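Asker: Handing you a structure now.
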Amino acid sequence: MDTTMVYVLFGTFFLLLILGAPITVSLGVAALTTFISLGENPMAFVQIAFTSVGSFPLMALPAFILAGALMEAAGISKRLVDIAEAFAGPVTGGLAAATVFACMFFGAISGSGPATTAAVGMLMIPAMANRGYDRGYASAITASSGGLGVVIPPSIPMVIFGISGMGLQPPPEAVAEHGAFQTLSIPKLFIAGIVPGVVIAGCLLTINYFISRRRGYCGLTDHWSWPQIYSTLRKGVWSMLAPIIILGGIYSGLFTPTESAIVAIFYTLVVGVFLHKELAWKPALRTLQTTTWITGRVLLILFTATVFGRLLVEQRVPAFIAEAMLGVTDNIYIIWAMIIFFLLFVGMFMETLAAIMILTPVLLPIMYMLGMDPVHVGIVVVCALAIGFQTPPLGENLFVASGIGGASIEEISLKALPFAAGSVFALFIIAYFPQISLWLPSLLGY
7 MDTTMVYVLF GTFFLLLILG APITVSLGVA ALTTFISLGE NPMAFVQIAF
57 TSVGSFPLMA LPAFILAGAL MEAAGISKRL VDIAEAFAGP VTGGLAAATV
107 FACMFFGAIS GSGPATTAAV GMLMIPAMAN RGYDRGYASA ITASSGGLGV
157 VIPPSIPMVI FGISGMGLQP PPEAVAEHGA FQTLSIPKLF IAGIVPGVVI
207 AGCLLTINYF ISRRRGYCGL TDHWSWPQIY STLRKGVWSM LAPIIILGGI
257 YSGLFTPTES AIVAIFYTLV VGVFLHKELA WKPALRTLQT TTWITGRVLL
307 ILFTATVFGR LLVEQRVPAF IAEAMLGVTD NIYIIWAMII FFLLFVGMFM
357 ETLAAIMILT PVLLPIMYML GMDPVHVGIV VVCALAIGFQ TPPLGENLFV
407 ASGIGGASIE EISLKALPFA AGSVFALFII AYFPQISLWL PSLLGY
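Numbering (the numbering used here), first residue to last: 7 to 452.
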């Protein structure tokens, strides 16, 4: 490892971050400075970056973003929220519990944490405030539950992890010690995220129950109303079919994740225009603007983070870190704890997709040396960084929820702490028990 080049790479990167430069600029300038210091042709920088955004799986990114935006405009997200409210019924803190369920439902469509927070929060935060919930608490549980949008499949961060990790082969010494490793694929990551998503949601629901009981947040009704449940299911049947069609098509092998995103867009257009008849021309155009803005931002990060990650691999930084960690301990539980706390720290300050692009080439070789399944590693990485959506200073979900609910970032952050703690507890369970992630893929023959 050329330590001088590593100092140039990280020194430039952190200096620009401290000066307030955007993450994309920091990554790009740091990588370009290192390229020039190595005496390499800067054109190689552009070629590597261009190749990174030319992969077929990456086409799923703008398609899933557009599908999620269209589903909100077509009334699908509202019907999913109505179903969640009907099932919450008399449960203590039922409206907040319905928010968690609604985020799970919408997360099975959008693949984005902030998009899930915005879509569900627009409906649920005012509803909770009208039922006597503190606005800060209503915003906090919405922001915390919005992170489920990237854990419950389909998930944009899982697509990025899959693209980043599929080019990294297990080191020969790891294969010699542990045997052949399972292949990494985006459909397998999607399947593996379902049970961990349910585990995290279960922890959020448990914490909400105890806080709601202490604060006196009663249920929506005195008892479950089966006619109301039937009515909401009947009205929302086309909305419920959306995640079933998307995920069922992927898992059955009928179409790829990229193709499923196109199917989701077509399905939403049919439902919104011909069945719900709520998708108007102007809102549909606004979804295109939203998709263009978010996709452009993500691709710029991907563009520069790929080159940054390539330099890390070429300078053998992952191997050096792996040797250092394994030199401290070979206890898998301690190493997992070190990695989780590192990811939580990174998630507080760095955008999720950029963090995945940078850290995947570093973490995956370490876990290969320990015999870890790459799919399990991917789920832990995504779940850990998803907690960053609800923790300051970056916490995108906090800003979205604050904009909708009107509570300050400081108030929401404080009231989101119990949910962040619950999510971290769930994360350790997911990391320490790999079968939580790997059971369903193995059951389905992946």
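C-beta atoms are modelled at their ideal positions from N, C-alpha and C, and glycine is treated no differently.
The model shown is predicted, which means the values in this text are computed figures rather than measured ones.
#1: Whose C-alpha, out of 289, 241 and 302, is nearest the C-alpha of residue 281?
#2: For residue 453, which residues in the same chain have their Cβ closer than 6 Å to its Cβ, ignoring the five residues on either side in sequence?
#3: Measuring only the C-alpha atoms, how far is residue 295 from residue 344?
#4: Can you have a look at residue 311 and say buried or exposed, based on whether 16 or more other CB atoms are within 10 angstroms of its CB?
#5: Pick from 33, 195 and 91: whose alpha carbon is nearest that of residue 315?
#6: Which runs of the alpha helix (DSSP H), 4 residues or longer, sit entirely within the segment 199–243?
#7: Assuming residue 366 contacts residue 171 under a Cβ cut-off of 8 Å, what Cβ separation, rounded to an integer in Å, is found between them?
#8: Would you kindly check if the distance between the Cβ of residue 176 and the Cβ of residue 187 is under 9 Å?
#9: If you measure between the beta carbons of residue 215 and residue 138, is that distance less than 9 Å?
#10: Return the residue from the list 352, 21, 329 and 219 that minimises the CA-CA distance to residue 374.
#11: Compare the beta carbon distance of residue 23 and residue 317 with 9 Å and say whether it is the shorter of the two.
#12: By Cβ distance, which residues of its chain are closer than 6 Å to residue 87, with the 5 residues on each side in sequence left out?
#13: Quick one: which unbroken alpha helix (DSSP H) runs of 4-plus residues sit fully inside the segment 80–109? Chain order, please.
#14: Are there 16 or more other CB atoms within 10 angstroms of the CB of residue 403, so buried, or fewer, so exposed?
#15: The alpha helix (DSSP H) with residue 322 in it runs from where to where?
#16: Alpha carbon to alpha carbon, how far is residue 44 from residue 346?
#17: Would you check if the segment 97–105 and the segment 275–293 touch, i.e. whether three or more CB-CB distances between them fall below 8 Å?
#18: Pick from 257, 263 and 302: whose alpha carbon is nearest that of residue 448?
#19: Could you say if the segment 187–204 and the segment 68–87 meet the contact criterion of at least three C-beta pairs nearer than 8 Å?
#20: My understanding is that residue 155 touches residue 117, with C-beta atoms under 8 Å, so please give their C-beta distance in whole angstroms.
#21: Which first and last residues belong to the alpha helix (DSSP H) in which residue 263 is found?
#22: Checking 9 Å against the spacing of the C-beta atoms, do residue 390 and residue 423 come in under that value?
#23: Where does residue 427 land, buried or exposed, given buried means 16+ other C-beta within 10 angstroms?
#24: State buried or exposed for residue 48, treating a residue as buried only when at least 16 other CB atoms are found within 10 Å of its CB.
#25: Determine the contact status of residue 357 and residue 307, defining contact as a CB-CB distance below 9 Å.
#26: Once the 5 residues before and after residue 268 are set aside, which same chain residues still bring their CB inside 6 Å of it?
#27: Is residue 4 helix, strand or coil when you go by DSSP?
#28: Quick test of your reading: residue 72 and residue 370, contact by CB under 8 Å. State the CB separation rounded to the nearest angstrom.
#29: With the cut-off set at 9 Å, would you say residue 442 and residue 106 are in Cβ contact?
#30: For residue 236, count the other beta carbons within 10 Å of its own beta carbon; 16 or more makes it buried, fewer makes it exposed. Which is it?
#31: Is residue 382 helix, strand or coil when you go by DSSP?
#32: With DSSP as the reference, label residue 335 as helix, strand or coil.
#33: Taking the alpha-carbon of residue 37 as reference, which of 144, 229 and 55 has the nearest alpha-carbon?
Answerer: The answer reads as follows:
#1: To locate residue 281, count along the sequence shown from 1; it is residue 275. Of the listed residues, the one whose Cα sits closest to residue 281 is 241.
#2: The structure shown does not extend to residue 453, since the chain is modelled only from 7 through 452, so no value can be given for it.
#3: Residue numbering aside, residue 295 sits at position 289 when the sequence shown is read from its first letter. Residue numbering aside, residue 344 sits at position 338 when the sequence shown is read from its first letter. Cα to Cα, residue 295 sits roughly 41 Å from residue 344.
#4: By 1-based counting over the sequence shown, the position of residue 311 is 305. Buried, by the Cβ-count rule.
#5: The sequence position of residue 315 within the sequence shown is 309, counting from 1. Checking every option, the nearest Cα to that of residue 315 belongs to 33.
#6: 200–221 and 232–241
#7: In the sequence shown, counting from the first residue as 1, residue 366 sits at position 360. In the sequence shown, counting from the first residue as 1, residue 171 sits at position 165. The pair is a contact, with the Cβ atoms about 5 Å apart (cut-off 8 Å).
#8: Residue numbering aside, residue 187 sits at position 181 when the sequence shown is read from its first letter. Residue numbering aside, residue 176 sits at position 170 when the sequence shown is read from its first letter. Result yes, Cβ atoms of residue 187 and residue 176 sit closer than 9 Å.
#9: Translated into positions along the sequence shown, residue 215 becomes position 209. Translated into positions along the sequence shown, residue 138 becomes position 132. Cβ distance not < 9 Å, so residue 215 and residue 138 don't count as in contact.
#10: For the purposes of this step, residue 374 is taken as residue 368 along the sequence shown, with counting starting at 1. The candidate whose alpha carbon is nearest that of residue 374 is 329.
#11: The sequence position of residue 23 within the sequence shown is 17, counting from 1. The sequence position of residue 317 within the sequence shown is 311, counting from 1. Contact: no.
#12: Position 81 of the sequence shown, counted from the first residue, corresponds to residue 87. Cβ neighbours of residue 87 beyond the five flanking positions: 108 and 129.
#13: 82–94
#14: Here residue 403 is taken as the residue at index 397 of the sequence shown, counted from 1. Buried.
#15: Sequence index remark: in the sequence shown, residue 322 carries index 316 (1-based). No alpha helix (DSSP H) holds residue 322; DSSP gives it neither H nor E.
#16: Counted from its first residue, the sequence shown places residue 44 at position 38. Counted from its first residue, the sequence shown places residue 346 at position 340. Cα to Cα, the separation comes out at about 33 Å.
#17: no
#18: Counting from 1 along the sequence shown, the entry for residue 448 is found at position 442. The residue with the shortest Cα to Cα distance from residue 448 is 257.
#19: no
#20: Within the sequence shown, the letter at position 149 stands for residue 155. Within the sequence shown, the letter at position 111 stands for residue 117. Residue 155 to residue 117, Cβ: 7 Å. Contact.
#21: Counting from 1 along the sequence shown, the entry for residue 263 is found at position 257. 263–276 is the span of the alpha helix (DSSP H), which, as asked, contains residue 263.
#22: Within the sequence shown, the letter at position 384 stands for residue 390. Within the sequence shown, the letter at position 417 stands for residue 423. No, these two residues do not count as a Cβ contact at 9 Å.
#23: Along the sequence shown, one-based indexing puts residue 427 at 421. With fewer than 16 Cβ atoms within 10 Å of its Cβ, residue 427 is classed as exposed.
#24: To locate residue 48, count along the sequence shown from 1; it is residue 42. Result: exposed.
#25: Locating residue 357 in the sequence shown gives position 351, where the first residue counts as 1. Locating residue 307 in the sequence shown gives position 301, where the first residue counts as 1. Taking 9 Å as the Cβ cut-off, residue 357 and residue 307 qualify as a contacting pair.
#26: In the sequence shown, residue 268 corresponds to position 262, counting from 1. Closer than 6 Å at the Cβ level, and outside the excluded window around residue 268, lie 69.
#27: What the structure shows of the chain is the stretch from 7 to 452, and residue 4 is not part of that stretch, so it cannot be assessed.
#28: Reading the sequence shown from its first residue, position 66 is the one you call residue 72. Reading the sequence shown from its first residue, position 364 is the one you call residue 370. No, residue 72 and residue 370 are not in contact; Cβ-Cβ is about 30 Å, not under 8 Å.
#29: For the purposes of this step, residue 442 is taken as residue 436 along the sequence shown, with counting starting at 1. For the purposes of this step, residue 106 is taken as residue 100 along the sequence shown, with counting starting at 1. No, the Cβ-Cβ distance between residue 442 and residue 106 is not below 9 Å.
#30: Position 230 of the sequence shown holds residue 236. Counting Cβ neighbours within 10 Å, residue 236 comes out exposed, since fewer than 16 surround it.
#31: Counting from one through the sequence shown, the residue named residue 382 turns up at place 376. Three-state DSSP puts residue 382 in a helix.
#32: Numbered from its first residue, the sequence shown carries residue 335 at position 329. Reduced to three states, the DSSP call for residue 335 is coil.
#33: Within the sequence shown, residue 37 is the residue found at index 31, counting from 1. Of the candidates 144, 229 and 55, the one whose C-alpha sits nearest the C-alpha of residue 37 is 55.
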